[in-house]
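Heads up: the sequence lines are chains A and B, in that order.
Numbered per the numbering used here, the first sequence spans residues 29 to 455.
Numbered per the numbering used here, the second sequence spans residues 29 to 455.
Built from N, CA and C at the ideal position, the CB exists for glycine as well.
Remember, it's a predicted structure, so these values are computed and weren't measured experimentally.
Quick notes on the structure that follows.
There are 2 protein chains.
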Amino acid sequence: MKPVFDKNEYARRLTKVRKSMAAKGIEVLIEADPANMNYLTGYDGWSFYVPQIVVVPEAGEPVWIGRGVDLGGAKLTCWMSQANIVAYPEVTVQHPVMHPMDFVGQEFARRGWGRKRVGFPVDCYYFTPRASAALKAAMPNARAVDTDLLVNWARLVKSDAEIKLMRQAARVTEAIVDTYYKAMLPGRRQCDAAGDILRTAAAGTAKFGGDYAACMPFIPVGDQTQASHLTWTDQVIKSGQTSYIECSGVRYRYHSPLARSIWIGPKPPRNLLETNAVVLEGMEAALAQAKPGNTCGMMADAWQKVLDRAGVKKESRIGYATGIGYPPDWGEHTASLRAGDSTVLKPNMTFHMILGMWMDGWGFESSETFRIADRGVECLAKVPRGLKVIDGARGKSQSAGRAKAKAKAKAKAKTKPARKAPKRRRA
Amino acid sequence: MKPVFDKNEYARRLTKVRKSMAAKGIEVLIEADPANMNYLTGYDGWSFYVPQIVVVPEAGEPVWIGRGVDLGGAKLTCWMSQANIVAYPEVTVQHPVMHPMDFVGQEFARRGWGRKRVGFPVDCYYFTPRASAALKAAMPNARAVDTDLLVNWARLVKSDAEIKLMRQAARVTEAIVDTYYKAMLPGRRQCDAAGDILRTAAAGTAKFGGDYAACMPFIPVGDQTQASHLTWTDQVIKSGQTSYIECSGVRYRYHSPLARSIWIGPKPPRNLLETNAVVLEGMEAALAQAKPGNTCGMMADAWQKVLDRAGVKKESRIGYATGIGYPPDWGEHTASLRAGDSTVLKPNMTFHMILGMWMDGWGFESSETFRIADRGVECLAKVPRGLKVIDGARGKSQSAGRAKAKAKAKAKAKTKPARKAPKRRRA
Chain A
29 MKPVFDKNEY ARRLTKVRKS MAAKGIEVLI EADPANMNYL TGYDGWSFYV
79 PQIVVVPEAG EPVWIGRGVD LGGAKLTCWM SQANIVAYPE VTVQHPVMHP
129 MDFVGQEFAR RGWGRKRVGF PVDCYYFTPR ASAALKAAMP NARAVDTDLL
179 VNWARLVKSD AEIKLMRQAA RVTEAIVDTY YKAMLPGRRQ CDAAGDILRT
229 AAAGTAKFGG DYAACMPFIP VGDQTQASHL TWTDQVIKSG QTSYIECSGV
279 RYRYHSPLAR SIWIGPKPPR NLLETNAVVL EGMEAALAQA KPGNTCGMMA
329 DAWQKVLDRA GVKKESRIGY ATGIGYPPDW GEHTASLRAG DSTVLKPNMT
379 FHMILGMWMD GWGFESSETF RIADRGVECL AKVPRGLKVI DGARGKSQSA
429 GRAKAKAKAK AKAKTKPARK APKRRRA
Chain B
29 MKPVFDKNEY ARRLTKVRKS MAAKGIEVLI EADPANMNYL TGYDGWSFYV
79 PQIVVVPEAG EPVWIGRGVD LGGAKLTCWM SQANIVAYPE VTVQHPVMHP
129 MDFVGQEFAR RGWGRKRVGF PVDCYYFTPR ASAALKAAMP NARAVDTDLL
179 VNWARLVKSD AEIKLMRQAA RVTEAIVDTY YKAMLPGRRQ CDAAGDILRT
229 AAAGTAKFGG DYAACMPFIP VGDQTQASHL TWTDQVIKSG QTSYIECSGV
279 RYRYHSPLAR SIWIGPKPPR NLLETNAVVL EGMEAALAQA KPGNTCGMMA
329 DAWQKVLDRA GVKKESRIGY ATGIGYPPDW GEHTASLRAG DSTVLKPNMT
379 FHMILGMWMD GWGFESSETF RIADRGVECL AKVPRGLKVI DGARGKSQSA
429 GRAKAKAKAK AKAKTKPARK APKRRRA
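Structure representation (structure tokens):
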């Protein structure tokens with residue numbers, strides 16, 4: 029094993045991060061988000077359930093500080109020299125009195141950082157109030173500054189090397205969705221279909237393997253589709269049920285998420301077809317705004333116009349920046365595709381636009397992960413967009429194109445097809 | 029879908045938790061650990077990547093407060109009435125200025141909790157310093173008290189209904205390890221074997237399905253085994269490599285983790301067989317202490333005696349309480365099997381004893397998840413313990429029993445076999 033990128037890539041990232049540090053007056057930066065740690069050092073391991081950090085001083089290599097049993101993993105995956113891979117005492121792990129950050133404070137003092145302006149994470153899953161308090165207590169002369177997602181923002185524009193991995197992740201995503209379409213047959217248990225899907229996600233393609241995603245695939249069926257974050261059960265799939273998948277292929281921790289919806293049975297209900305038609309139209313309208321110089325808010329506004337015309341409501345944002353991810357989230361926690369978000373789109377920014385419509389008793393999702401190109405947009409995974417009809421009773425599935433065409437035909441037949449969609453929505 | 033347990037089970041849990049609240053002078057308890065939220069309410073969804081809490085007042089039902097798009101999931105999985113399932117405004121999600129906890133403070137005031145002694149989580153992955161500060165600012169007249177893992181400790185002794193689910197999880201664990209033994213053949217990519225393993229984990233058994241585990245399976249091969257928390261790569265498995273798996277079957281979020289090691293090839297190296305022999309002896313010595321009235325520390329001491337005699341060092345604790353789990357951890361963060369831990373063992377406590385030996389360039393793991401029985405101990409998964417030899421070149425695998433017997437025979441042939449194991453260890 030070795031770090032995924034060459035040293036120049038990591039050097040460019042450090043330069044970008046240090047520029048932001050200087051702007052905020054941060055002399056020493058603490059990172060505890062595993063995605064940010066990976067971005068800065070290459071570190072990759074499922075060890076984020078114990079305290080661990082990467083420290084970025086004003087000059088020199090970053091320093092990885094974690095648990096002793098994870099030194100082996102850090103040495104296999106980080107690009108830094110061994111002197112900058114440091115373990116805290118094992119006995120402090122999940123101890124009622126001692127805390128690893130007691131030791132980390134000493135390490136800071138040893139390296140001359142005890143009186144610096146130190147950037148602390150305040151909204152990261154893996155740096156708790158207890159960790160923060162322990163580290164501050166251990167270096168009383170440091171001045172704590174809020175890092176405010178500094179590294180997350182540095183990740184927003186990807187390098188070409190990162191885009192290459194996201195495209196590979198999209199190949200895995202395509203394979204996962206293909207498996208989903210084949211697996212969701214009436215008479216099978218949801219968990220058996222989930223097993224097929226997870227197998228494809230790990231195995232990847234013949235050219236390269238897959239990796240675990242920051243979220244489990246959401247594969248609700250029937251009334252479970254009214255919820256946005258359910259995984260699967262061991263209930264038997266029946267004809268006459270709707271389902272969706274929200275999943276991501278992953279390559280070296282880079283994600284390319286995608287959602288698609290299906291109808292299991294011979295004839296999709298009208299409200300599902302109508303929602304499908306509105307969502308596809310809204311998707312196209314939003315993507316038409318995805319180009320350098322426009323803002324995230326402009327994409328959301330274009331989507332909203334289509335919804336308003338159809339009389340459909342959805343309160344939640346329609347997307348977020350994506351890239352490196354670790355559980356529990358493949359979002360980058362920075363720019364959102366949401367009204368009022370003024371982030372200006374630039375080439376090689378990557379977003380997951382997720383159009384989830386969670387109704388009373390049923391739901392529908394469709395999404396694209398896209399890259400802002402020099403002009404316009406590149407959707408990473410090539411999967412036809414519309415509702416897929418899986419007529420398991422006849423042992424065959426209808427192409428998404430045909431389902432979409434049918435929906436469009438229906439939409440044409442009536443002037444304003446979506447106005448009749450069910451009233452109650454909380455999407 | 030419906031809550032997994034009957035209302036009486038949840039009522040008993042609340043009684044237990046309220047007793048601890050009273051002892052700490054907590055009038056209103058905030059829980060943000062998804063395992064604790066599940067324990068109290070049944071809530072199950074992959075929504076812990078946004079702020080969400082369960083609140084336990086002194087009397088009445090707990091209250092679930094989360095994101096609007098997750099209301100559907102909460103209503104499908106929680107046992108409480110709809111009045112106690114509440115959403116904060118969607119626009120606050122991952123917003124640069126607003127925070128969901130601003131709203132939660134108002135909800136607290138509305139319910140008359142604004143001046144109470146409120147228990148705040150301080151060491152939970154999903155309640156960050158920013159969330160804590162926002163909620164405190166939103167109810168300036170409340171008195172904040174550290175909850176100090178109060179609900180985690182309530183989970184330590186399981187009910188019979190919980191044990192039933194953990195035994196079912198162990199059936200899935202057995203199936204996963206069986207798949208691992210069959211999948212790890214020379215010439216295959218690690219990711220393809222990982223795919224087989226994840227399929228079994230989700231599909232479960234013919235009787236009931238599996239669920240996602242709080243940790244991905246760790247399936248390092250070759251020099252990756254020197255690290256404790258690596259998952260898999262797409263490298264090709266070769267004859268002459270060691271590997272281990274650490275995994276867990278899951279049933280309704282209840283885990284039964286297990287680790288086993290293999291040698292891929294005709295003839296395991298001596299240091300691996302010697303480590304295997306020492307670990308098995310230490311495992312038996314520790315399990316002999318696993319009975320009501322003994323302490324966690326006594327189990328660790330029994331293990332340590334075996335290690336000392338063999339001249340082998342391992343600094344990390346050898347286990348922890350386990351049960352309900354969500355990413356990133358299936359440990360309960362309470363009692364540890366570690367020298368000095370004075371937790372007294374009681375019937376229906378459940379632990380994962382994990383003996384991981386991470387050497388310089390290679391590693392070995394073996395573990396058991398066990399229940400303290402009325403007298404002695406019940407290991408939940410029935411998987412032979414010793415090193416498994418997988419001789420893929422000959423297309424067959426040697427039974428663990430035979431490998432263990434061989435190791436024992438070797439051990440007998442020399443007086444102190446393990447003394448010659450490699451010097452450098454950092455386990």
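Best match in A:N322, A:D357, A:F379 for proximity to A:I346 [C-alpha to C-alpha]: A:F379
Assuming B:Y354 and B:A63 form a contact by the criterion Cβ under 8 angstroms, report the distance between their Cβ atoms to the nearest whole angstrom. 5 angstroms
By the 7 angstroms beta-carbon criterion, what residues does the region 137 to 165 of chain B contribute toward chain A? V150, D151, C152, Y153, Y154, T156, P157, R158, S160
What's the C-alpha gap between A:M244 and B:D336? 42 angstroms
Should A:K342 go down as buried or exposed, given a rule of 16 or more other Cβ atoms within 10 Å for buried? buried
Within the 7 angstroms Cβ cut-off, does A:Q269 reach chain B? no
Counting only Cβ pairs nearer than 7 angstroms, list the residues of chain B close to A:H257. G73, W74, S75, D98, G101
For a cutoff of 7 angstroms on Cβ pairs, would you count B:A230 as touching chain A? yes
Do you know offhand how far A:K319's Cα is from A:P375's? 8 angstroms
Is DSSP giving B:E202 helix, strand or coil here? helix
I'd like the list of long-range same chain contacts for A:V82, defined as Cβ closer than 6 angstroms, with 5 residues on each side in sequence excluded. E59, M65, L68, T69, P90, W92
For B:R199, collect the residues of the same chain with a Cβ closer than 6 angstroms to its Cβ; drop the 5 residues on either side in sequence, then sort them by chain order. T233
Spatial neighbours of A:G359 within its chain, please: C-beta separation below 8 angstroms, excluding the five flanking residues on both sides. Y348, A349, T350, G353, H380
Please state whether DSSP places B:T228 in a helix, a strand or coil. helix
By Cβ distance, which residues of its chain are closer than 6 angstroms to A:T261, with the 5 residues on each side in sequence left out? Q218
How long is the line joining the alpha carbons of B:N322 and B:V185, rounded to whole angstroms? 15 angstroms
Touch check for the region 98 to 112 of chain A and the region 42 to 56 of chain A: three-plus C-beta pairs under 8 angstroms? no
Quick one: what does DSSP say B:A433 is sitting in, helix, strand or coil? For B:A433, the predicted structure reports a pLDDT of 48, less than 50, and the residue's modelled location is therefore unreliable. A value from the coordinates is still provided. Looking at B:A433 - three-state DSSP - the assignment turns out to be helix.
Considering only the alpha carbon of each residue, which of A:A162, A:A51, A:G140 lies closest to A:V125? A:A162
Is there a C-beta anywhere in chain A that falls below 7 angstroms from the one on B:P355? yes
So, for A:H257: in the same chain, excluding its five sequence neighbours on each side, which residues have a beta-carbon less than 7 angstroms away from its beta-carbon? F246
Express the C-alpha separation of B:D224 and B:T207 in angstroms, rounding to a whole number. 7 angstroms
Beta-bridge partners of B:C407, as assigned by DSSP: B:F398
A:V249 to B:C275, Cα distance in whole Å? 27 angstroms
Using the C-alpha atoms, what's the distance from B:E302 back to B:V205? 22 angstroms
What are the start and end residues of the alpha helix (DSSP H) that includes A:Y38? 35 to 52
Any chance the region 173 to 182 of chain A sits against the region 208 to 216 of chain A, with 3 or more Cβ pairs inside 8 angstroms? no
Per the contact definition of three or more C-beta pairs closer than 8 angstroms, is the region 146 to 153 of chain B in contact with the region 113 to 130 of chain B? no
Tell me where the alpha helix (DSSP H) around B:L104 begins and ends. 99 to 105
Find out if the Cβ-Cβ distance for the pair A:T270, A:W291 is shorter than 7 angstroms. yes
Using the beta-carbon of each residue, which ones in chain B are nearer than 9 angstroms to A:D130? The premise fails here: A:D130 is roughly 14 angstroms from chain B at the closest Cβ pair, so nothing lies under 9 angstroms.
Beta carbon proximity, B:L104 to chain A, threshold 7 angstroms: yes
Kindly give me the distance between the Cβ atoms of A:M194 and A:L408, rounded to whole angstroms, as I take these residues to be in contact under 8 angstroms. 6 angstroms
Compare the Cα-Cα distances from B:P294 to each of B:K35, B:A211, B:I418, B:I400 and report the closest residue. B:I418
Could you name the residues of the region 318 to 346 of chain B whose beta carbon sits closer than 8 angstroms to any beta carbon of chain A, in the order they occur along the chain? E343, S344, R345
Name the chain A residues whose beta carbon is nearer than 7 angstroms to that of B:Q254? G100
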